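2 protein chains.
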Amino acid sequence: MADLVYRRVLHDLKSRIHDNQFPDKRLPDERSLSEAYNVSRSSIKRALGVLANQGIIFKKRGSGTFINPLYMKNQTIFHYEGSNLGITDSFKSDGQTQGIKLLSFKVVPANEEMQQDLFLEKGDFVYEISRLRLFDDHPFMIERGFIPIKIAPELSQKVVSGSIFNYLEDVQNKVVTKSFMTMKVAPSNEEDQELLGLKPTEPVAIMEGIFFLDDGTPFEVSNMRLRYDYFNYNTFVTLDEE
Amino acid sequence: MADLVYRRVLHDLKSRIHDNQFPDKRLPDERSLSEAYNVSRSSIKRALGVLANQGIIFKKRGSGTFINPLYMKNQTIFHYEGSNLGITDSFKSDGQTQGIKLLSFKVVPANEEMQQDLFLEKGDFVYEISRLRLFDDHPFMIERGFIPIKIAPELSQKVVSGSIFNYLEDVQNKVVTKSFMTMKVAPSNEEDQELLGLKPTEPVAIMEGIFFLDDGTPFEVSNMRLRYDYFNYNTFVTLDEE
DNA sequence: AAGTGGTCTAGACCACTAC
DNA sequence: TAGTGGTCTAGACCACTTA
């Protein structure tokens, strides 16, 4: 994976940018880069495309490719590297503790919706895992996840009481790299109010997602209900390609 | 712009997907598409790549290209799907009407936070534009935006009563292509309840964003409060290209 | 073994910018 | 007019999945 041509170029250019090797904030033109790296112009383009997506450079047709001055300044805000799809790792824990309380752990037949979402056949089974997430002993999220048993046949109660993604990666060498999420807002229902300690006027954020493995296999559908005051989603959107 | 090959394919495939012309949730393979559209496989790949980025399809190496089942569900009104940064264009208007009611339009000095976000100097001024967005005559969003006067010196009351982004693009040839957004949830306050017609138990979604022009210039900071039942944000996160 | 998506190349032509 | 990035092609080869 790391020996791909465009990736080699990408990493090299990135470190050269960080090393300030382009003091005029301008990169060489694509044809020169192609020659210098001894790769095709398409590969250069691909590497530059990734950098542009990350907001590190700007291309201006007809004039050249330039380093984004904002990127070099305000690194904290605009830097989008190493985000994480898993919940356990999405919360900053500077000394605070995260906890998981297992509410229920069952095996159930996949309903029709689930069959579609997870690419299952009629009669396939899924784990249904309900958990309460705690942050410094305060519950902030109800999580109900469904995972096909045929993808992870030996999930145990112990495993689902911890980070499932970490288990998968460490033990089974499966990596979750994509997710499709949809976010909504709703008034809290009675279960929310009880489990999350909310007043009737206090709402929840709802995140539903499908998580995919590296190869595109849908791995889990998850429904998450969060205390409104623990929800904060940041995103950097670019529209280069419509 | 619209006559690009990959865009033609992209739009065609997109509408075929929406029309449910692939009932088995599977697209033809790339080589067949290439032949069917009479374009190169690279162009097919590019179109499919955009669809994949938008989370509409996903590709499984070795087996094929499939439609994301979650995408077809959850099609509410506010629908950001990376297709457009502007609000006016983010709403599906199949016959429905969108409206904007101007609440206030002032010029004020930029406070310190604004100076940072919009890269302004001490003493610079910004427009403060408050608007109520309507959908089929129902208010669904309160929008308060701040734009530096030095970037758009001749904004008029008429312009800010319509789509500012469209005005910029059509009249000034400036295009907004990037944004940094943060989303939260909160109980509705009295102003929300009055303007959006909410009950005290009904919440709002809050979106705050900085919008950037093509060349990286920050153009607007905006704070948006939406009726909870009009909010639905879909996003597809990939950790692929690092 | 056949079929699928992924990567990469070499080169043509186009559209825009700067001088 | 020269130089830049953008689009597109045709085809080779690789990696993975499925049977």
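These protein sequence lines are chains A and B, in that order. Position one of the first sequence corresponds to residue 1 (full-length UniProt numbering), numbered consecutively onward. Position one of the second sequence corresponds to residue 1 (full-length UniProt numbering), numbered consecutively onward. All residues carry an ideal CB built from backbone N, CA and C; glycine is no exception. Values in this document were obtained by computation on a predicted structure and should not be read as measured data.
In three-state terms, what does DSSP make of residue i?
i: B/Ile17; result: helix
i: A/Tyr6; result: helix
i: A/Ser83; result: With a pLDDT of 42 at A/Ser83, under the threshold of 50, the modelled position of that residue is not reliable, and the figure given next carries that caveat. Note: A/Ser83 maps to coil in three-state DSSP.
i: A/Arg61; result: coil
i: A/Gly145; result: strand
i: A/Thr76; result: Below a pLDDT of 50, predicted positions are generally treated as unreliable, and A/Thr76, at 34, falls in that range; no measurement from the model is reported.
i: A/Ile164; result: helix
i: A/Ile56; result: coil
i: B/His11; result: helix
i: B/Val159; result: helix
i: B/Val39; result: coil
i: B/Pro187; result: strand
i: B/Lys174; result: coil
i: A/Lys92; result: Confidence at A/Lys92 is low in this model, with a pLDDT of 49, below 50, so the placement of that residue should be treated as unreliable; the coordinate-derived value is given next. In the structure shown, A/Lys92 sits in coil (DSSP, three-state: anything other than H, G, I, E or B).
i: B/Gly49; result: helix
Using a threshold of 7 Å, state whether the C-beta atoms of residue i and residue j are closer than that.
i: A/Glu220; j: A/Ile147; result: yes
i: A/Glu202; j: A/Ser188; result: yes
i: A/Glu121; j: A/Val108; result: no
i: B/Ile17; j: B/Glu30; result: no
i: A/Leu10; j: A/Val50; result: yes
i: B/Thr182; j: B/Glu208; result: yes
i: B/Leu102; j: B/Arg133; result: no
i: B/Asp117; j: B/Ile56; result: no
i: B/Leu70; j: A/Phe180; result: yes
i: B/Val176; j: B/Ala205; result: no
i: A/Phe119; j: A/Pro218; result: yes
i: B/Ser161; j: B/Ile100; result: yes
i: A/Met224; j: A/Glu143; result: yes
i: B/Arg41; j: B/Ser32; result: no
i: B/Tyr6; j: B/Ala36; result: no
i: A/Phe135; j: A/Gln193; result: no
i: B/Leu195; j: B/Arg227; result: no
i: A/Phe212; j: A/Lys178; result: yes
i: B/Arg26; j: B/Gly64; result: yes
i: B/Val126; j: B/Ala152; result: no
Under 7 Å Cβ-Cβ, which residues of chain A neighbour residue i?
i: B/Pro187; result: Thr201, Glu202, Pro203
i: B/Pro69; result: Gln116, Asp117
For a contact defined as C-beta to C-beta under 8 Å, what are the partners of residue i on chain B?
i: A/Val39; result: None at all; the shortest Cβ gap to chain B is about 17 Å.
i: A/Tyr228; result: Lys184, Val185, Ala186, Pro187, Pro203
i: residue 313 of chain A; result: Lying before the first or after the last residue shown, residue 313 of chain A is absent from chain A, which here runs from 1 to 242.
Under 9 Å Cβ-Cβ, which residues of chain A neighbour residue i?
i: B/Asn183; result: The residue asked about is misnamed: residue 183 of chain B is Met in this sequence, not Asn. Neighbours of B/Met183 on chain A, chain order: Met183, Ala205, Phe231, Asn232, Tyr233, Asn234, Thr235.
i: B/Phe58; result: Lys178, Phe180, Phe212, Gly216, Pro218
List the residues of chain A that residue i touches, going by C-beta distances under 8 Å, in chain order.
i: B/Asn223; result: Within chain A, no residue comes near B/Asn223; the closest Cβ sits about 14 Å away, beyond 8 Å.
i: B/Leu33; result: The premise fails here: B/Leu33 is roughly 18 Å from chain A at the closest Cβ pair, so nothing lies under 8 Å.
Does any heavy atom of the ligand MN sit closer than 6 Å to the C-beta of residue i?
i: A/Pro200; result: In the structure on display, the ligand MN does not appear, and there are no ligands present to speak of.
TODO: Within the stretch 199–240 of chain A, note down every full beta strand (DSSP E) run reaching 3 residues or more, in order along the chain.
DONE: 203–213, 218–227, 233–238
- [ ] Determine which residues of the stretch 201–212 of chain B have a Cβ less than 7 Å from any Cβ of chain A, and write them out in chain order.
- [x] Thr201, Glu202, Pro203, Ala205
Open item on the list: Going residue by residue through the stretch 94–154 of chain B, where are the continuous alpha helix (DSSP H) segments of at least 4 residues, counting only ones entirely within it?
Closed with: 112–117
- [ ] Taking only beta carbons into account, state which residues of the stretch 104–117 of chain A come closer than 7 Å to chain B, listed in chain order.
- [x] Gln116, Asp117
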